[in-house]
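Peer 1: Protein chains in written order, with the working numbering: chain P, 10 to 183; chain X, 10 to 183; chain W, 10 to 183; chain Y, 10 to 183.
Put into structure tokens, the structure is as follows:
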């Protein structure tokens, strides 16, 4: 667990509550939670990159990733294991050095391959029983951040990271 | 119950929490839940079609149906029993081979005619007491998917369907 | 209580959860709940009109009222008691024949004057202690409909109204 | 505590639930709660100004502030302590005469400097343990108003303010 060098995250149902807002003219919205932005920041302070892998293909996620300065963003992915493996190869990592959080059946195969797997507590039971950690909040309520913070806590890093953040007194994109 | 050959679903209050978002210029939004998309997919793997019958007449629902590749979509319906009966005739089915989930008084007559009826647990009491199953989530929280999954479980099909999905490792529209 | 001849309702915090969605360009949204539409319909079946009195002045509410065919709509109201009194005079009613539901301090004076007053259960304590009925749902979760249904129940009219609705098998705007 | 002469508030996670709604074309929305508007009004009746300091830089907050006639609005702030100190200097106040509510790590330094600090109850534990008051509602559920009302209650001012509001029977922007 101490060896996690990359966090990968699903979007719908993890960074959101699964909600997809459709309007009458073809536009769509997703509701993100500013809380998750601190998770990305905390990892950055540890030089651990965050990657997004989602089956959806939409500019909504692209813009969110840009705001949080997430470089590794994979949209419209059919085979999440393949994409994650490719990324690991590029970064000279093994999947066992990856932490992944997803919430549904299309995440199951990747969840079964990474070193540390998690899902929000409102995921289906057949997802819950296949992950290392069930994060005690729903998707969209900061599940990604809680995943990161639990990882930091288990490695006795959370207090240090918070303090490091306070010392530099920097702001960050939410 | 083993004979269900068609799932029909209401939209507002089942696929949504009943929310209707109005803006200032005449546009409107509905919030769907990606969770329900797996319900449609699971039925597809069993060659059971999903149909939508709603009293509302809006492109919002049409687009959602297109994304999930639902072919049978009836908008602006005044008489749900008549429309469901017509559809059954076309598909050579009887209403007793249909499962229907709805949440309000305009669903009551159809709920009383189908082989398997359900409503989300936040439906009014006079709806709840007239259905076979009260699904233990609110409308908009994946009530349709839970309806499908409970049906699969009762027929010992859920594990098989999840496994079949994993074997083909396919993605699907959410 | 049997003498209620007009239902008046506040909008923000009653038909909505108080949410005001602002975008970047000056547009705004409110989230209504289709559940409340049946409240308006039930009253119509009893020939009891519904009126809207709100401090906000926005086309959002106007359009919602039009969809539900509510004729008495008062927007941008500063003095709710004055507007309600005027409406009563026009309809030859007394304020004691009016039922009103509101949720905040700008509703207190009118709540104190009508024959039957109510608020959603998440209203402030100083509103709650001044109304006849605390409706056991939050604003936006169908509080208006529950208000109407409780009134019908207390007058042994709810079963009859539901049956009357079913007999005519009509649809209605949600 | 009786000496509070200025209320400062964070926005995301306090006036909202942290939700950031992104659409496909670059537009964004925030969901405010009309409940908080009464907090601003109550303070106005006591001649206590409300100020907004937020790390985000968006017209959304500007428009909300304009509607509620909040004059002191600081957007895109990197150093909240510096901005709050500047404002205090301009108003001839000390930070010990300021009440501040924020919900996350970028609020911690300012929370540690003001006379009265608070956060919504869903803030992270390392924020909660550094504030004077944990407000018993979530961000977006009227946390700012509850902060103001608790302050008024502790100073035996709430009943008087409500009564003063009723006596003038004025409306206010929500």
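C-beta: ideal position from N, C-alpha, C; glycine also.
If we call anything under 8 angstroms between Cβ atoms a contact, is residue 114(P) one with residue 65(P)?
Peer 2: Along the first chain, one-based indexing puts residue 114(P) at 105. Along the first chain, one-based indexing puts residue 65(P) at 56. No, the Cβ-Cβ distance between residue 114(P) and residue 65(P) is not below 8 angstroms.
Peer 1: Determine the contact status of residue 54(Y) and residue 67(Y), defining contact as a CB-CB distance below 8 angstroms.
Peer 2: Taking the fourth chain and counting its residues from 1, one reaches residue 54(Y) at position 45. Taking the fourth chain and counting its residues from 1, one reaches residue 67(Y) at position 58. For residue 54(Y) and residue 67(Y), no; Cβs fall outside 8 angstroms.
Peer 1: Is it the case that the Cβ atoms of residue 133(X) and residue 152(X) are separated by a distance below 8 angstroms?
Peer 2: Numbered from its first residue, the second chain carries residue 133(X) at position 124. Numbered from its first residue, the second chain carries residue 152(X) at position 143. Not in contact: residue 133(X) and residue 152(X) (Cβ atoms no closer than 8 angstroms).
Peer 1: From residue 135(W) to residue 27(X), what does the alpha carbon distance come to, in whole angstroms?
Peer 2: Residue 135(W) sits at position 126 when you count from the first residue of the third chain. Residue 27(X) sits at position 18 when you count from the first residue of the second chain. Rounded to whole angstroms, residue 135(W) to residue 27(X) spans 30 angstroms at the Cα level.
Peer 1: Hey, out of 158(Y), 118(Y), 33(Y), whose CA is closest to residue 176(P)'s CA?
Peer 2: Reading the first chain from its first residue, position 167 is the one you call residue 176(P). Comparing Cα-Cα distances from residue 176(P) to each of 158(Y), 118(Y), 33(Y), the minimum goes to 118(Y).
Peer 1: So what's residue 107(Y) in DSSP terms, helix, strand or just coil?
Peer 2: Position 98 of the fourth chain, counting from 1, holds the residue named residue 107(Y). The answer is strand: DSSP assigns residue 107(Y) an E or B state.
Peer 1: In chain W, what lies closer than 9 angstroms to residue 69(Y) by C-beta?
Peer 2: If you number the fourth chain from 1, residue 69(Y) lands on position 60. Correct list: 31, 32, 33.
Peer 1: Please work out which residues of its chain come closer than 8 angstroms, Cβ to Cβ, to residue 57(Y), disregarding the five sequence neighbours upstream and downstream, and give them in chain order.
Peer 2: Taking the fourth chain and counting its residues from 1, the one referred to as residue 57(Y) is at position 48. These residues qualify, in order along the chain: 13, 14, 15, 16.
Peer 1: Looking at C-alpha atoms only, which residue of 149(W), 22(W), 123(W) is the closest neighbour of residue 141(W)?
Peer 2: Counted from its first residue, the third chain places residue 141(W) at position 132. Taking only the C-alpha atoms, the option nearest residue 141(W) is 123(W).
Peer 1: Nearest CA to the CA of residue 76(W): which residue from 163(W), 96(W), 63(W), 50(W)?
Peer 2: Along the third chain, one-based indexing puts residue 76(W) at 67. With distances taken between Cα atoms, residue 76(W) lies closest to 50(W).
Peer 1: Find the nearest neighbour of residue 156(Y) within the set 52(Y), 87(Y), 90(Y), 30(Y), judged by alpha-carbon distance.
Peer 2: Along the fourth chain, one-based indexing puts residue 156(Y) at 147. The option with the nearest alpha carbon to residue 156(Y) is 52(Y).
Peer 1: Beta-carbon separation of residue 78(P) and residue 165(P) under 8 angstroms?
Peer 2: The residue given as residue 78(P) occupies position 69 in the first chain. The residue given as residue 165(P) occupies position 156 in the first chain. No, they are not a contact pair.
Peer 1: Can you tell me whether residue 127(P) is helix, strand or coil according to DSSP?
Peer 2: Taking the first chain and counting its residues from 1, the one referred to as residue 127(P) is at position 118. Here residue 127(P) sits in strand by DSSP.
Peer 1: List, in chain order, every chain Y residue whose beta-carbon is nearer than 9 angstroms to that of residue 73(P).
Peer 2: For the purposes of this step, residue 73(P) is identified with residue 64 of the first chain, where counting begins at 1. Under the 9 angstroms cutoff, chain Y gives 29, 31.
Peer 1: Starting from residue 28(W), follow the beta strand (DSSP E) in both directions and report where the run begins and ends.
Peer 2: Working through the third chain from its first residue, we reach residue 28(W) at position 19. Note, residue 28(W): beta strand (DSSP E), 28–32.
Peer 1: Tell me whether residue 126(P) is buried or exposed, calling it buried when 16 or more other Cβ atoms sit within 10 Å of its Cβ.
Peer 2: As a working mapping, residue 126(P) is identified with position 117 in the first chain. Its Cβ being crowded by 16 or more others within 10 Å, residue 126(P) is buried.
Peer 1: Quick check on residue 146(P): does DSSP put it in helix, strand or coil?
Peer 2: What you label residue 146(P) is simply residue 137 of the first chain in a count that begins at 1. Residue 146(P) falls in the coil class under three-state DSSP.
Peer 1: DSSP three-state call for residue 51(W): helix, strand or coil?
Peer 2: Numbered from its first residue, the third chain carries residue 51(W) at position 42. Helix at residue 51(W).
Peer 1: What number of angstroms, rounded off, separates the C-alpha of residue 159(X) from the C-alpha of residue 46(X)?
Peer 2: For this step, residue 159(X) is matched to residue 150 along the second chain. For this step, residue 46(X) is matched to residue 37 along the second chain. Roughly 15 angstroms between the two C-alpha positions.
Peer 1: On the DSSP bridge list, what partners appear for residue 38(W)?
Peer 2: On the third chain, residue 38(W) is found 29 positions in, with the first residue counted as 1. Answer is 32(X), 30(W).
Peer 1: Let me know the secondary structure DSSP gives residue 61(X) once reduced to three states.
Peer 2: Looking up residue 61(X) in the second chain gives position 52. It is a strand residue.
Peer 1: Between 104(Y), 43(Y), 92(Y), 112(Y), which has its C-alpha nearest residue 154(Y)'s C-alpha?
Peer 2: Walking along the fourth chain from the start, residue 154(Y) turns up at place 145. When each option's Cα is compared against that of residue 154(Y), the closest is 43(Y).
Peer 1: Can you list the residues of chain P that residue 43(X) reaches, using a CB-CB cut of under 7 angstroms?
Peer 2: Mapped onto the second chain, residue 43(X) falls at position 34. In chain order: 21, 22, 27, 29.
Peer 1: Using only the alpha-carbon positions, how far apart do residue 25(X) and residue 150(W) sit?
Peer 2: Counting from 1 along the second chain, the entry for residue 25(X) is found at position 16. Counting from 1 along the third chain, the entry for residue 150(W) is found at position 141. Approximately 13 angstroms, taken between the alpha carbons.
Peer 1: According to the Cβ coordinates, are residue 88(W) and residue 97(W) closer than 8 angstroms?
Peer 2: Position 79 of the third chain, counted from the start, is the residue given in the question as residue 88(W). Position 88 of the third chain, counted from the start, is the residue given in the question as residue 97(W). Result no, Cβ atoms of residue 88(W) and residue 97(W) do not sit closer than 8 angstroms.
Peer 1: Mind checking which residues open and close the beta strand (DSSP E) that includes residue 82(X)?
Peer 2: Translated into the one-based positions of the second chain, residue 82(X) becomes position 73. Segment 81–83, the beta strand (DSSP E) holding residue 82(X).
Peer 1: For residue 137(P), collect the residues of the same chain with a Cβ closer than 8 angstroms to its Cβ; drop the 5 residues on either side in sequence, then sort them by chain order.
Peer 2: Taking the first residue of the first chain as position 1, residue 137(P) is located at position 128. Taken in chain order, the residues that qualify are 128, 130, 143.
Peer 1: Whose C-alpha, out of 40(P), 31(P), 92(P), 61(P), is nearest the C-alpha of residue 38(X)?
Peer 2: Position 29 of the second chain, counting from 1, holds the residue named residue 38(X). When each option's Cα is compared against that of residue 38(X), the closest is 31(P).
Peer 1: Which same chain residues end up closer than 8 angstroms to residue 106(X) when comparing Cβ atoms and leaving out the 5 residues on each side of it in sequence?
Peer 2: Numbered from 1 along the second chain, position 97 holds the residue referred to as residue 106(X). The residues are 12, 13, 14, 15, 97, 124.
Peer 1: Can you tell me where the beta strand (DSSP E) holding residue 18(X) begins and where it ends?
Peer 2: Counting from 1 along the second chain, the entry for residue 18(X) is found at position 9. First-last of the beta strand (DSSP E) with residue 18(X): 15–18.
Peer 1: Helix, strand or coil for residue 88(P)? Go by DSSP, reduced to three states.
Peer 2: Counting from 1 along the first chain, the entry for residue 88(P) is found at position 79. Coil.
Peer 1: Please report how far the alpha carbon of residue 110(Y) lies from the alpha carbon of residue 101(W), in whole angstroms.
Peer 2: Position 101 of the fourth chain, counted from the first residue, corresponds to residue 110(Y). Position 92 of the third chain, counted from the first residue, corresponds to residue 101(W). Roughly 50 angstroms between the two C-alpha positions.
Peer 1: Alpha carbon to alpha carbon, how far is residue 23(X) from residue 69(Y)?
Peer 2: As a first step, residue 23(X) is located in the second chain; it is residue number 14 there, counting from the start. As a first step, residue 69(Y) is located in the fourth chain; it is residue number 60 there, counting from the start. Taking the straight line from one Cα to the other gives about 32 angstroms.
Peer 1: Where do the N-terminal and C-terminal ends of the alpha helix (DSSP H) with residue 137(Y) fall, by residue?
Peer 2: For the purposes of this step, residue 137(Y) is taken as residue 128 along the fourth chain, with counting starting at 1. Residues 134–137.
Peer 1: Which residues in chain Y sit within 7 angstroms of residue 171(P), going by Cβ to Cβ distance?
Peer 2: For the purposes of this step, residue 171(P) is taken as residue 162 along the first chain, with counting starting at 1. What residue 171(P) touches in chain Y: 114, 135.
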